[in-house]
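Taking the numbering used here, the leading residue of the sequence shown gets 37, the next gets one more, and so forth.
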Amino acid sequence: LLTVVTEVEMIVNLQPLSYVSQDDLEEPVTPSHLLIGRRVLSFPDTLCYDGDDEDYNATPQLLSKRMKYLNRTIDQFWSRWKG
Numbered sequence: 037l038l039t040v041v042t043e044v045e046m047i048v049n050l051q052p053l054s055y056v057s058q059d060d061l062e063e064p065v066t067p068s069h070l071l072i073g074r075r076v077l078s079f080p081d082t083l084c085y086d087g088d089d090e091d092y093n094a095t096p097q098l099l100s101k102r103m104k105y106l107n108r109t110i111d112q113f114w115s116r117w118k119g
C-alpha cells in the first residue's frame with residue numbers, strides 16, 4: 037500500500053498548478069517545485085530485503101502476486117485521474 041500511496045503522491049505533485057498552453061516554453065510550476073524546489077520525475081526505490089526477519093516469508097509467487105496487485109491498483113488510479 038505504501039508503494040501505491042507514494043506513486044499517487046508523486047502523480048499529484050507533478051500536476052501543474054495553473055493552466056499550461058501548448059505554446060508555453062517554460063516548465064509549469066508544480067507542487068513538487070514548492071516542496072523541494074524542482075520537478076520530481078521518479079520516486080526513490082525503497083525496496084529492501086530483510087531475510088533475517090522471522091516473519092519475512094516472501095516467495096517468488098507471493099512477490100509476483102503482490103507486484104501484479106500494485107500495478108493494477110496504480111493503473112486504476114491513473115484511469116480515474118485521467119477520466
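No residue lacks a Cβ here, since even glycine has one placed at the ideal position from N, Cα and C.
Rounded distance between the beta-carbons of residue j and residue i, thought under 8 Å
| i | j | result |
| --- | --- | --- |
| Ser68 | Leu50 | 6 Å |
| Val41 | Phe113 | Their Cβ separation, rounded to whole angstroms, is 10 Å, which puts Val41 and Phe113 out of contact at 8 Å. |
Beta-carbon proximity check, residue i vs residue j, cutoff 8 Å
| i | j | result |
| --- | --- | --- |
| Val76 | Met46 | yes |
| Thr39 | Leu106 | yes |
Range of the contiguous alpha helix (DSSP H) that encloses residue i
| i | result |
| --- | --- |
| Asp59 | Careful: Asp59 lies outside any alpha helix (DSSP H) and carries neither H nor E. |
| Gln97 | Pro96 to Lys118 |
| Pro67 | Pro67 to Ile72 |
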